[in-house]
Structure formats: C-alpha cells, structure tokens
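Using this note's numbering, read the sequence shown as starting at 187 and increasing by one per residue. Working notes for the structure below.
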Amino acid sequence: RVRQALDEAIGTAPGWTGAAAVLAVSDAGWDCIVAASSLPIREVDAHLTRAGRVIANRGASGIDGTVSTALGVATTGARTVLVTGDLALLHDANGFLSEASTPLVVVALDNGGGGLFDSLPQATHAPSYERLFVTPPDRDLADLARLHHLAFFEAVGPTELTRLVDEGLDTGGRVLIRVPIERSVDLEARRDLDQVARSALESEG
187 RVRQALDEAI
197 GTAPGWTGAA
207 AVLAVSDAGW
217 DCIVAASSLP
227 IREVDAHLTR
237 AGRVIANRGA
247 SGIDGTVSTA
257 LGVATTGART
267 VLVTGDLALL
277 HDANGFLSEA
287 STPLVVVALD
297 NGGGGLFDSL
307 PQATHAPSYE
317 RLFVTPPDRD
327 LADLARLHHL
337 AFFEAVGPTE
347 LTRLVDEGLD
357 TGGRVLIRVP
367 IERSVDLEAR
377 RDLDQVARSA
387 LESEG
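Written as structure tokens, this is what we have:
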C-alpha cells in the first residue's frame, strides 16, 4: 500500500528527483547496482522496486573509491550500474584510469553538491553552510566524460533514463548518464514522500 502511494506521488512530482531516477533505474536490466554514499544509497534503499544485488561502501569515508568499487564489481561480468551523486563521482573519477575494457553504466544524480545536508540541522545552524557542507563542485560532468572517454548522455525523463541504462548495458562500454536535479525541488519531494508514506500507513491502520 505504501509502495503504491509512493510510486503515484513520484510520478506526479515536477522535475527530476532522486526517487524518480531510482524508480527508472529499477526498470532496467541490470544485475547489480553499486550505490554511492549520502543520498544515493538512501534513495536506492527507499525506492528500488525489484530484487537484485546492491553493493555500497559504508562508514565515515564511504565516499572513497566509489568509481573503483563499481569497476571492480563490473569485472565479475555482472551488468553493473553505479548510482552516484556528483561529489562521489568526482571524488574518485580517476578510477576510470583503470583498464578501459571494463564496462560500466554510471547514473549521476547531479544536484550540485551535498544535497543530503539540506535535510540535516547544519542547513539551519552552520555558518558558511553552502561552502562547508554542500561544497558545490561547479564542474560540468560532460567535461569529465570527455576526459575519461565515456559516452555521455543527459536524461530528460524517466522513460529515457531506463532506455539509456539498458542501451549502455547492452553495448558494454562505459557510459555516464547525468540526471540534473534541483536541490530545493528534491528536498521538498523527499519531505512530501515522507508524508505520503505516513498517510498510507495511517489509512491502513
């Protein structure tokens, strides 16, 4: 009941959200998802709608080695998708310097920095919040793709994202798909989905 209510709400939300991106990835033909720290692992935990293997680095330095971990998983032959934020991607981008024969599809939830902190007390109380916590990288992911010889796409909607992931997996190359997310829109969507879930549970009771 909760899942149905969430899916309906996600489908009507304006613009891209992390939840909508994960729902779209759910429909693709992957074997394994590697989820980056911060918002991506939370979105995967909440909104991945089919069974499959999920791998994540956790701990205080969970952002370290995200790309390298995903490439390592892909060497097993599993059709692997990395769901990552822009900061985690940039933090380990030189992982792409490994053997270029290892295929990987990367879905980058690009919200211009550490969007997770918008829902934490730092957003209200920390001085220099944007600089110290959000740390916007101000980098074009298309430039990153060119540097590391990745095919680059920007998904305009959920159906296209599913298609791009499937095509990338079928082609067997290295693909970077950018999902442009407005932090304020995504934050409001997460709050709305919390309320949708609570309402569904209350109506069940």
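For each residue, glycine too, the CB sits at the ideal point set by N, CA and C. All of these numbers come straight from a predicted model, not from anything done at the bench.
query                                                                                                                                                         : result
Just to confirm, are residue 297 and residue 236 a CB contact at a threshold of 8 Å?                                                                          : no
Taking the alpha carbon of residue 262 as the reference point, which residue from 281, 288, 275 and 249 has its own alpha carbon closest?                     : 288
Can you give the Cα-Cα distance for residue 341 and residue 291, rounded to whole angstroms?                                                                  : 13 Å
Mapping DSSP to helix, strand and coil, what is residue 342?                                                                                                  : coil
To which residues does DSSP link residue 360 through a beta bridge?                                                                                           : 290
Between the beta-carbon of residue 208 and the beta-carbon of residue 229, is there less than 8 Å?                                                            : yes
By DSSP, does residue 262 sit in helix, in strand, or in coil?                                                                                                : coil
Can you name, in chain order, every residue of its own chain whose Cβ lies under 6 Å from the Cβ of residue 249, other than the five neighbours on each side? : 223, 274 and 277
Grab me the residues of residue 251's own chain with a C-beta within less than 8 Å of its C-beta, minus the 5 sequence neighbours each way, in chain order.   : 243, 278 and 281
Taking the straight line between their C-alpha atoms, what separation do you get for residue 283 and residue 334?                                             : 7 Å
Counting only the same chain and skipping the five closest in sequence on each side, list residues whose C-beta sits under 7 Å from that of residue 212.      : 234, 235 and 236
Helix, strand or coil: how does DSSP classify residue 234 here?                                                                                               : coil
If I measure Cβ to Cβ from residue 358 and keep anything under 6 Å in the same chain, skipping five residues before and after, which residues do I get?       : 289
Are the beta-carbon atoms of residue 255 and residue 293 separated by less than 8 Å?                                                                          : no
What's the gap between the Cα of residue 371 and the Cα of residue 338?                                                                                       : 24 Å
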